[in-house]
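Below is one structure, written out as structure tokens, with a few remarks after it.
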Amino acid sequence: MNDAVESNETPLLSVRDLKVHFPFRRGSLFNSQKGVIRAVDGISFDIGRGETLGLVGESGCGKSTTARAIINLVPPTSGDVQIDGVSIAGMSDAAMLPYRRRVQMVFQDPFASLNPRMTVGAIIGEPLVVHSLAKGRDRKLEVLRLMELVGLNPRFLNRYPHEFSGGQRQRIGIARALAVQPDIILCDEPVSALDVSIQAQIINLLMDLQQKLGLSYLFIAHDLAVVRHIATRVGVMYLGRIVELAKSEDLYAGPKHPYTEALLSAVPVPDPEVAAKRQRIVLSGEVPSPDRYYPGCAFADRCPVKIDRCTTDRPELPGKPHAAACWVREEALAETPANA
Amino acid sequence: MSESPSPSLPSRQTEAPDEAALSRILQESREIRGVSLWQDAWRRLRRNRAAMASLVFLVILMLAAIFTPLLPLQSPADKDLNNRRFLPPNFDSVVMGSREGLKFEDGRLTAQLAKYQASVEQERSEILSIDDPVERAEKLDAFEKRASVEHPFNQLWNQLGPVAFTMCRIRVAIFGDWAVPSLFGTDKLGRDLLSRVFWGSRVSLVVGIVATIVSLIIGVSYGAIAGYLGGTVDAIMMRIVDMLYSIPFIFVVIFLVTFLGEDSVKKILDQYGIEQITIFYIIIGAIYWLTMSRVVRGQVLSLRHEQFVEAARTVGASPGRIIFRHVVPNTLGVVIVYLTLTIPSVMLFEAFLSFLGLGVSPPDVSLGLLLNDGVEALSIVKLFWWVVVFPGAALALTLFALNFLGDGLRDALDPKMKNRS
Amino acid sequence: MTDLFSYAIRRFGWMLLTVWAVYTVSFVLMRAVPGNPFSSERTVPPAIERQLRARYNLDAPPIEQYTDYLVGIVTRGDLGVSIRLEDYTVNEVLAEGFPVSASLAILALVFALTLGVTAGVVSAVYRGSAGDLALMGTAVLGIAIPNFVLASLAILLFVFIIPIFPAAGWGTLRQVALPALCLGAPVAAYIARLTRAGMLEVLGREHVRTAFAKGLPKSTVILKHVLPGALLPVVSYLGPATASVLTGSLVLEKIFALPGIGSHFIYAATQRDYTLAMGMVLTYTVLLFVMNSLVDLSYAVIDPRVKLQ
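Chains as they are written, first to last, in the UniProt record's numbering: chain A, 1 to 340; chain B, 1 to 421; chain C, 1 to 309.
Next comes the structure, spelled out in structure tokens:
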């Protein structure tokens, strides 16, 4: 399995073979069919204290669903999620309550993630109410403290979300997540909806908070460049599976999986001379759809280096510090015999 | 650090602010109030002339309806078959209590009241002077009952509740015997139409509002629960709604009302002290909740997947808290619009029933009954137009106003305008 | 095709369930009232007593009466006999009144659709003009004035003052025109508003703007591209519209003295002819259910995004 850092302590968050499948039915009145959407199809990783794991992939690859499944917003179909060794996968909302104080989430859409009819103070204070952490005046003071912590003017306690800009609203969301003093925060594309200049501010804020408060993050994004700054390790997702997992520097310096290579080659590079010399890898073939079943590697259709085995056998991610799920590129897998 | 206008402090902080500083900030924050979406919507509504005019009209109407007993109107129930049948609108002065048939002292209400008070006082003191306590209590009891029935007010107005009664007394104290002339004319039994329109509107509005509130309570709860819980529960609940929806309600209502009109049933109701009109309200409310629940359910279904609801779940809020603190406030817009559009439907429905003779029954009066009378009075020989025009106009104006207000509210609360950053 | 079939089966099942529920509740209510057709003591003329005895098993326990009656309805379509009308079964009364009410209702709906959709389209296309305001103003009038008031005024106007239509009676087109118009007016008004709103919504969409930009004649664009989409809310309104027409017909049949089911129903209600009343409720429930199902079906056919449930 993939261990976080080379240590023997129980990882803070541990995900094993997580699967989230959605059954569906579609078609017209006269001709319909049933199927399953494999949003998340067997994911495993660990996150230790103070660590940030970046999870990157195209739209629709299942990263947001992963985050939601971890905190049971969406029930996992199978697999395990553990916090400090305690299994919480599939728990009911009621049983999850104490764990809500350990794992929190920051959402993608700064407009939709705040109740438009509540004041900012009420929004940030809600976790304090739900978990009975502070009452009355103390609660208000705590909210003020949180607002200052994330860089908001605390005087605007009684304003409504629509009176703030996108970046400020994300700060509100972060403050809300911090209210319960969690150990780990799942950040679901927290900067995707923001202007580029604001993105940097928010990422810096998150990093500051991590240092100050000793937080761990699961940072989800679709853009490798965004994740580079903040993540200690990075996982690349494709069609519900992790295809490569490595320390940040290792991944960017020498990607193993063909998909990661393609992604990296698409990241703009500031130096025009370097950019001119680069080889853009353009992927051919169809964009995959999560409702089809791929017995082998999901990337096989578009892979420039595929071999026969790739379409029949599914490569698993080996338990090494820098691992790729690829029959061609991953030495640890080359030894594995083909399935009979 | 370039978000402008910037209420953000520099992101690098050197020290945590202390308690005193926080308290000061808390104080300052009280000065800065945000503009909620409701205020936003209100501003938009104010710009809509038709809607505001309707709102003003409706407020005046409500006030008039509530305070009708206070207004110096003639009696809506007093019939004068000899002298006043089918009078066209006129300005002739009227004295309360002047009809010969009433046999009021001096032909005036005030005089009759005085006489009544005097005789009541006298009789009461007579009874109170009886020695035997048992006999005294008995006689007192019987006397009080008789006295309340024989009060002059009961000859002019029908079944006044305690509040209305007091208002009538205040009215007599202020206005004496004077009443507004028959500006709307009189009907076939010589009853003043102006006061009948006022009293009738009162009843029609009460029916409209009470029934709508009943439908609101049932509909919102049902729809919110079905929408939020989703899955099988939702499917079953909505199936029930679908089933009920296919039943043509007027038939059911008529069926039920005739059933309730049966003597034996009436006796049972009296036993429990339930008036027929209450059942009436409840039945009507029970019809209109269906659409309300569908509307609310639709809203809740779409809200359920909103990120702020997910965020509330992530934070650990209980389903109850989520439904009532997050979902319902965001459905209120739709609910309010629907409310203002249900009241007219209910009032029309009541008019229908009264027209068929199954609604409010005399001597009570409602706009529907008035319209029934009015329609009967239309004939080519003698055009008693006022009997149908005035009640019709009253009903139509009210419905107009409610519709315009509803449209205005719908525009003002339009969610597309919500996110204006 | 199987989908359509299974949908029809399911709807039929629900209809049976609904009708059964209505029947049960009605039966219970009826039995609770003294003088009901299922008990032994009541005061009715001997002729009626005879027909009651013939149809209903009067001395049997309630459950048996319930099932017996139900079986009669289901297997023979026999809705029982009237309590007040001699020698009349419910079915006969219904058969007499049905053609009248049905044609009235259909005419009213056709009128409402034609007038309403036209008014709505014109109103939307010439939005903001005097014509638009006038049409929509009239529409609100149509909704705010109860149809019996409208009918009375119409009678006054068109029968007496300007004699175009006869006052009452049944048989010729002329006689049915005025009632149908009055019945359809509020529905037309509502449809006009719905159409207008729908049109305005579709007119703002991209594919319509493209169509105009291509240079297609205005009428083509409106009729082929805008109208179909705009009509969706109107189609889904047809269900409640039918209910509304049924409701309104009760009152109008009284005013225009038309021998339809509506007037019979009022008579049944006021005369406490419960079997007759129940028979009508059941019939109308079935009718309304069928109508609603047809509407759902057509909605699913028109809009491919909608799934049948």
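Beta carbons are placed, not taken as given, at the ideal position from N, Cα and C, and that holds for glycine.
Cβ of residue i within 8 Å of any chain B Cβ
i	result
residue 117/A	yes
residue 104/A	yes
residue 9/C	no
residue 91/C	no
residue 211/A	no
residue 193/A	no
residue 160/A	yes
residue 40/A	no
residue 155/A	yes
residue 383/C	Past the boundaries of the shown model lies residue 383/C; chain C is included only from 1 to 309, so the question cannot be answered.
7 Å CB neighbourhood of residue i in its chain, flanking five on each side removed
i	result
residue 351/B	367, 368, 371 and 395
residue 146/A	124, 175, 178 and 179
residue 199/B	68, 76 and 365
residue 167/A	194, 198, 201 and 202
residue 295/C	235, 236, 238 and 239
residue 323/B	224 and 228
Minimum Cβ-Cβ distance from residue i to chain A less than 8 Å
i	result
residue 324/B	no
residue 133/B	no
residue 304/B	no
residue 314/B	yes
residue 35/B	yes
Per-residue contacts from residue i into chain B (C-beta, under 8 Å)
i	result
residue 139/A	Residues of chain B passing the Cβ test: none, with the nearest at roughly 11 Å.
residue 21/C	243
Closer than 7 Å at the beta carbon, the chain C residues around residue i
i	result
residue 400/B	140 and 144
residue 396/B	144 and 145
Any C-beta of chain C under 8 Å from that of residue i
i	result
residue 243/B	yes
residue 403/B	yes
residue 356/B	yes
residue 421/B	Interpretation of residue 421/B is limited by its pLDDT of 25, a score under 50 that renders its predicted location unreliable; the figure taken from the coordinates is listed afterwards. Output row for residue 421/B: interface = no.
residue 351/B	yes
residue 378/B	yes
residue 388/B	yes
C-beta atoms of residue i and residue j nearer than 8 Å
i	j	result
residue 334/B	residue 389/B	no
residue 215/A	residue 185/A	yes
residue 255/C	residue 148/C	yes
residue 247/B	residue 22/C	yes
residue 247/A	residue 233/A	yes
residue 276/C	residue 90/C	yes
residue 45/A	residue 307/B	no
residue 14/C	residue 96/B	no
residue 300/B	residue 245/B	no
residue 237/A	residue 63/A	yes
residue 349/B	residue 254/B	no
residue 11/A	residue 48/A	yes
residue 269/A	residue 226/A	no
Within chain A, partners of residue i - CB distance below 7 Å
i	result
residue 278/B	The contacting residues do not exist; residue 278/B stays about 35 Å from chain A at best.
Cross-chain neighbours of residue i in chain B, by beta carbon under 7 Å
i	result
residue 246/C	248
residue 59/A	In chain order: nothing, as chain B lies at least about 16 Å away.
residue 284/C	248 and 251
residue 252/C	Those within 7 Å of residue 252/C in chain B number zero; the least Cβ separation is about 11 Å.
Same chain only: Cβ atoms within 6 Å of residue i, ignoring 5 sequence neighbours per side
i	result
residue 411/B	none
residue 233/C	194 and 198
Contact set for residue i: own chain, Cβ-Cβ below 8 Å, skip 5 residues either direction
i	result
residue 311/C	Past the edges of chain C, shown from 1 to 309, lies residue 311/C, and the structure says nothing about it.
residue 106/B	112
Residue i: contacting residues in chain B (beta-carbon distance under 9 Å)
i	result
residue 266/C	254, 356, 357 and 358
Partner residues on chain F for residue i, Cβ-Cβ distance less than 8 Å
i	result
residue 22/B	Included in the structure are the protein chains A, B and C, with no chain F among them.
For a minimum of 3 consecutive residues, which ranges assigned as the beta strand (DSSP E) are wholly contained in the region 229-313 of chain A?
Counting only runs of 3 or more residues that sit fully inside the region 229-313 of chain A, the beta strand (DSSP E) segments are 233-238 and 241-247, in chain order.
What ranges does the alpha helix (DSSP H) occupy inside the region 282-329 of chain B, keeping only unbroken runs of at least 4 residues that lie completely in it?
Restricted to the region 282-329 of chain B, the alpha helix (DSSP H) segments that are unbroken, complete and at least 4 residues in length are 307-315, listed in chain order.
At which residue ranges does the region 218-253 of chain B contain complete alpha helix (DSSP H) runs of 4 or more residues, listed in the order of the chain?
Unbroken alpha helix (DSSP H) runs of no fewer than 4 residues, entirely contained in the region 218-253 of chain B, are found at 231-245, following chain order.
Scan the region 80-159 of chain A and note each continuous beta strand (DSSP E) run of 3 residues or more that stays entirely inside, going in chain order.
Complete beta strand (DSSP E) runs here, min 3: 103-106.
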